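The opening position of the sequence shown corresponds to residue 17 in our numbering, with each subsequent residue numbered one higher. For each residue, glycine too, the CB sits at the ideal point set by N, CA and C. Predicted, not measured: the structure shown is a model, and the values here were computed from it. Everything below concerns the one structure shown next.
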Amino acid sequence: MARRIDVTGAGGVRLAAWEFADPPKTGLDPADDPAKDQVGVLLLHGLMGRASHWASTARWLAARHRAVALDQRGHGQSEKPPQAAYTREDYVEDAEAALEQLGLAPALLIGHAMGALTAWQLAAKRPDLVRGLIICDMRASALGAASQQEWADWFRAWPVPFATLADVRKWFGADDPWVERPNPARGEFYAEVMHEDPDGWRPVFEPEQMLRSRETWVYDAHWEELAQVRCPALVVRGVDGELGRAEAQEMVRVLPAGEYAEVSDAGHLAHYELPSAWREAVGPFLDRVLGN
17 MARRIDVTGA GGVRLAAWEF ADPPKTGLDP ADDPAKDQVG VLLLHGLMGR
67 ASHWASTARW LAARHRAVAL DQRGHGQSEK PPQAAYTRED YVEDAEAALE
117 QLGLAPALLI GHAMGALTAW QLAAKRPDLV RGLIICDMRA SALGAASQQE
167 WADWFRAWPV PFATLADVRK WFGADDPWVE RPNPARGEFY AEVMHEDPDG
217 WRPVFEPEQM LRSRETWVYD AHWEELAQVR CPALVVRGVD GELGRAEAQE
267 MVRVLPAGEY AEVSDAGHLA HYELPSAWRE AVGPFLDRVL GN
């Protein structure tokens, strides 16, 4: 179960935040919720993701903390503004607004991929709002023009519309040329970001907007901002993910209070593919930063 809480992001964009608990917490106003006295956790999905991808982690955290996942602009049930409103500053200001409006700060930020970059940029900008940070499979190095072109080509290769959700699961879990070996969890991940149109199943986001979002970070390195993060920070990688061990360990070295963890047998979607192993990897860090 989850309850939705609306947040106003940068430029007045309407964002959907989701507080996961079983049963859901009562009350419409976060200021009147008993959970406001719990330590806050804000979870930020990656590009093309949505808040529901954090459901397993959020429910686990909700036993002791106040865990909220945000549908970032252009994703999930949040507003999808004009393409020009997809800058790094917009994403960071959205997360900043969520922390302040939901009364979560000082919070632990947990981010995957693009969401991790947003999290460490916010931690560098507003250290007063962030008590700790978990970075999941996001590189600090510049990826470059070739990477952006690969993504543009990949989006064009999607056989949309999909006739059924089963077709979605099959393509992203096995038939997609980017899949090295069958990965049912990846198929489920993408099935969660589809909606049904009269002619079939399509993503809830606009691929062009995703490319516009991505181009705001792929041409630049982000080591300087990483070095400005003063709170405890954990860099987590799936062994088969996009963040290599050497770069991850360099990120830990650059972070003033960095630590390292990895999830064996997992790829880029470690938190979604292997939730139990993910929880085991991040649990000790959470206990130290948030308390038992």
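Worksheet item: If you check the beta carbons only, do Ala243 and Ser157 fall under 8 Å apart?
Response: By one-based count along the sequence shown, residue 243 stands at place 227. By one-based count along the sequence shown, residue 157 stands at place 141. Cβ atoms of Ala243 and Ser157: not closer than 8 Å.
Item to complete: Please report how far the alpha carbon of Val298 lies from the alpha carbon of Ala277, in whole angstroms.
Response: For this step, residue 298 is matched to residue 282 along the sequence shown. For this step, residue 277 is matched to residue 261 along the sequence shown. One C-alpha to the other measures close to 7 Å.
Practice prompt. Could you check if His211 is buried or exposed, using at least 16 other CB atoms within 10 Å of its CB as the buried criterion?
Written response: For this step, residue 211 is matched to residue 195 along the sequence shown. The C-beta of His211 has fewer than 16 other C-beta atoms within 10 Å across all chains shown, which makes the residue exposed.
Worksheet item: How big is the Cα-Cα spacing for Gly43 and Leu306?
Response: As a position in the sequence shown, residue 43 is number 27, starting the count at 1. As a position in the sequence shown, residue 306 is number 290, starting the count at 1. Because the pLDDT at Gly43 is just 49, under 50, the model does not fix this residue reliably, and the value given afterwards should be weighed accordingly. Rounded to whole angstroms, Gly43 and Leu306 show a C-alpha spacing of 25 Å.
Fill in: Close-in-space but distant-in-sequence residues of the same chain around Glu258 (CB under 7 Å, 5 per side omitted)
The residue labelled residue 258 in the question sits at position 242 within the sequence shown. So the qualifying residues of the chain are Asp153, Arg155, His284.
Worksheet entry | Touch test, the region 77-96 against the region 22-36, Cβ-Cβ under 8 Å, three pairs minimum | Judged by Cβ distances under 8 Å, the region 77-96 makes contact with the region 22-36, as three or more pairs qualify.
Worksheet item: In its own chain, which residues sit with a C-beta less than 6 Å from the C-beta of Trp294, not counting the 5 before and 5 after it?
Response: Position 278 of the sequence shown holds residue 294. Setting aside the 5 residues that flank it on each side, Trp294 is surrounded in the same chain by Val279, Ala286, His287, each with a C-beta closer than 6 Å to its C-beta; the list follows chain order.
Discussion item. Quick check on Arg253: does DSSP put it in helix, strand or coil?
Written reply: For the purposes of this step, residue 253 is taken as residue 237 along the sequence shown, with counting starting at 1. Three-state DSSP puts Arg253 in a strand.
Worksheet item: Near Asp215, what residues of its chain come up, given a Cβ to Cβ distance below 8 Å and the 5 sequence neighbours on each side ignored?
Response: Along the sequence shown, read from residue 1 onward, the residue named residue 215 stands at position 199. Answer for Asp215: Pro177, listed in chain order.
Practice prompt. Would you decide whether Trp170 is buried or exposed? Buried here means 16 or more other CB atoms lie within 10 Å of its CB.
Written response: Here residue 170 corresponds to residue number 154 of the sequence shown, with the count starting at 1. Residue environment: Trp170 is assigned as exposed (fewer than 16 neighbouring CB atoms within 10 Å of its CB, all protein chains considered).
Worksheet entry | Boundaries of the beta strand (DSSP E) in which Phe36 is found, first to last residue | Counted from its first residue, the sequence shown places residue 36 at position 20. Looking at the DSSP string, the run of the beta strand (DSSP E) that includes Phe36 is 30-36.
Fill in: Nearest to Asp110 (by Cα), restricted to the options Gly160, Arg147, Leu59
Reading the sequence shown from its first residue, position 94 is the one you call residue 110. Of the residues Gly160, Arg147, Leu59, the one whose Cα lies closest to the Cα of Asp110 is Leu59.
Practice prompt. Measure the C-alpha to C-alpha separation of Pro40 and Pro248 and round it to an integer number of angstroms.
Written response: Taking the first residue of the sequence shown as 1, we reach residue 40 at position 24. Taking the first residue of the sequence shown as 1, we reach residue 248 at position 232. Note that Pro40 has pLDDT 45, beneath the 50 cutoff, so the model's placement of it is unreliable and the number below is only indicative. Computed Cα separation, rounded: 30 Å.
Item to complete: Measure the Cβ-Cβ separation of Val245 and Ala140 and say whether it is below 8 Å.
Response: The count along the sequence shown starts at 1 and reaches residue 245 at position 229. The count along the sequence shown starts at 1 and reaches residue 140 at position 124. Taking 8 Å as the Cβ cut-off, Val245 and Ala140 qualify as a contacting pair.
Fill in: Where Leu227 sits in the DSSP three-state scheme
Within the sequence shown, numbered from 1, the residue matching residue 227 stands at position 211. In this structure, Leu227 counts as helix in the three-state DSSP scheme.
Worksheet item: Do three or more CB pairs link the region 260-273 to the region 174-190 at distances below 8 Å?
Response: Short answer: they don't touch.
Worksheet item: Can you tell me the Cα-Cα spacing of Pro219 and His91, whole angstroms?
Response: Taking the sequence shown and counting its residues from 1, the one referred to as residue 219 is at position 203. Taking the sequence shown and counting its residues from 1, the one referred to as residue 91 is at position 75. Rounded to the nearest angstrom, the two C-alpha atoms are 10 Å apart.
Practice prompt. Compute the Euclidean distance between the alpha carbons of Gly160 and Asp53, then round it to the nearest angstrom.
Written response: Taking the first residue of the sequence shown as 1, we reach residue 160 at position 144. Taking the first residue of the sequence shown as 1, we reach residue 53 at position 37. The alpha-carbon atoms of Gly160 and Asp53 are separated by roughly 44 Å.
Discussion item. Can you list, in chain order, the residues of its chain with a C-beta nearer than 6 Å to that of Pro200? Leave out the 5 residues immediately preceding and following it.
Written reply: Here the question's residue 200 lines up with position 184 in the sequence shown. If we look at Pro200 and ignore the five residues flanking it on each side, its Cβ neighbours are Gly189.
Practice prompt. Leaving aside the five residues before and after Glu112 along the sequence, list all residues of the same chain whose C-beta is less than 8 Å from its C-beta, in chain order.
Written response: Counted from its first residue, the sequence shown places residue 112 at position 96. The residues Leu138, Lys141, Arg142, Leu145, in chain order, have a CB closer than 8 Å to that of Glu112 in the same chain once the five nearest residues on each side in sequence are set aside.
Worksheet item: Apart from the five residues on each side of it in sequence, which residues of its chain come closer than 7 Å, Cβ to Cβ, to Ser94?
Response: Indexing the sequence shown from 1 puts residue 94 at position 78. Hits under 7 Å: Arg30, Leu31, Ala32, Asp87, Gln88.
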